[in-house]
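> One structure is given below, represented as structure tokens, and several questions about it will come after.
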Amino acid sequence: MAKGDPKKPKGKMSAYAFFVQTCREEHKKNPEVPVNFAEFSKKCCERWKTMSGKEKSKFDEMAKADKVLYDREMKDYGPAKGGKKKEDPNAPKRPPSGFFLFCSEFHPKIKSTNPDISIGDVAKKLGEMWNNLNDSDKQPYITKAAKLKEKYEKDAADYKSKGKFDGAKGPAKVAWKKVEEEDEEEEEEEKKRRRRRRRRRMNKETICQKKCLMPNIFCVRIYCKS
1 MAKGDPKKPK
11 GKMSAYAFFV
21 QTCREEHKKN
31 PEVPVNFAEF
41 SKKCCERWKT
51 MSGKEKSKFD
61 EMAKADKVLY
71 DREMKDYGPA
81 KGGKKKEDPN
91 APKRPPSGFF
101 LFCSEFHPKI
111 KSTNPDISIG
121 DVAKKLGEMW
131 NNLNDSDKQP
141 YITKAAKLKE
151 KYEKDAADYK
161 SKGKFDGAKG
171 PAKVAWKKVE
181 EEDEEEEEEE
191 KKRRRRRRRR
201 RMNKETICQK
211 KCLMPNIFCV
221 RIYCKS
């Protein structure tokens, strides 16, 4: 079997993958304690299923940051070969979120100080930095993202109107359907972010408890952010 291109960026990591990576790092702190891989995987899966949305949010942010970096590196790597439908170049481009704007600003700074750092570690660092910001520090990015989204929605409406006027079919119709789907995805993500913010406000007085992932082997601690 032929080997793939070694220069091709590695696949993006999911929130669960970052969680498992964190568990492994915790276990490495106790190398003298043996662990069965099958049991380790089972315990990780069980723990993940019982975690709250708040506990998972830090890993969700890491996955989002990793996707931003992966997409950027894939764009630099070269266009995808086959299997992907061509998009209408005139269709409005989906605007970035406040978190993505933050990543775009700090990603070069992290890479310049740590040139050999992996994509996953950069994403992890960006997720941690974003989670540690208070609401006032996040606001400039959120405000800018809101303005970009407002412009995008206007452009998208104009695009849709023009498509209807011209009786557009084929690629134009497919492109507009993609725009609508992306809008729905963005709205759903925003709803999830609002729910997480509400839970954080309600749980300001919550005391963090150390939850054992594998008794007598190692623990993973999820810290509550006030």
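When we follow full-length UniProt numbering, the leftmost residue of the sequence shown carries the number 1, and every step to the right adds one.
Using N, Cα and C, we set each Cβ at its ideal position, and we do this for glycine too.
Within 10 angstroms of its Cβ, does Pro34 collect 16 or more other Cβ (buried), or is it exposed?
Classification for Pro34: exposed.
> Hey, Lys58 and Gly127 are a contact pair by Cβ (cut 8 Å); roughly how many whole angstroms apart?
Rounded, the Cβ-Cβ distance is 6 Å, consistent with contact.
> Is it true that the CB of Pro96 sits closer than 8 Å to the CB of Asp155?
No, the pair does not count as a contact, with Cβ atoms beyond the cut-off.
> Here's a check: name, in chain order, each residue in its chain whose Cβ is nearer than 6 Å to the Cβ of Val68, leaving out the five neighbours to either side.
So the list reads Phe100, Cys103, once near-sequence residues are dropped.
> For the UniProt domain "HMG box" (9-78), list the alpha helix (DSSP H) runs that are entirely contained and at least 4 residues long, ordered along the chain.
Fully enclosed alpha helix (DSSP H) runs of 4 or longer: 15-28, 37-50, 53-77.
> What is the DSSP secondary structure of Ser136, reduced to helix, strand or coil?
Three-state DSSP puts Ser136 in a helix.
> By the DSSP assignment, the alpha helix (DSSP H) with Ile110 in it spans what residues?
98-113 is the span of the alpha helix (DSSP H), which, as asked, contains Ile110.
> How about Ala15 and Asp60: are their beta carbons less than 8 Å apart?
Contact: yes.
> Does the beta-carbon distance from Pro115 to Met74 come in below 8 Å?
No, the Cβ-Cβ distance between Pro115 and Met74 is not below 8 Å.
> Using only alpha-carbon positions, find the residue among Ser112, Lys54, Lys160, Met13 that is nearest to Asn90.
Closest by alpha carbon: Lys160.
> Among the residues of its own chain, which have a CB less than 7 Å from the CB of Asp137, if the five just before and after it don't count?
Excluding sequence neighbours, Asp137 sits near nothing in its chain.
> On the premise that Asp66 lies in contact with Met13, defined as a C-beta separation below 8 Å, what is that separation, rounded to the nearest angstrom?
Rounded, the Cβ-Cβ distance is 5 Å, consistent with contact.
> Quick one: grab the DSSP three-state call for Lys154.
Lys154 falls in the helix class under three-state DSSP.
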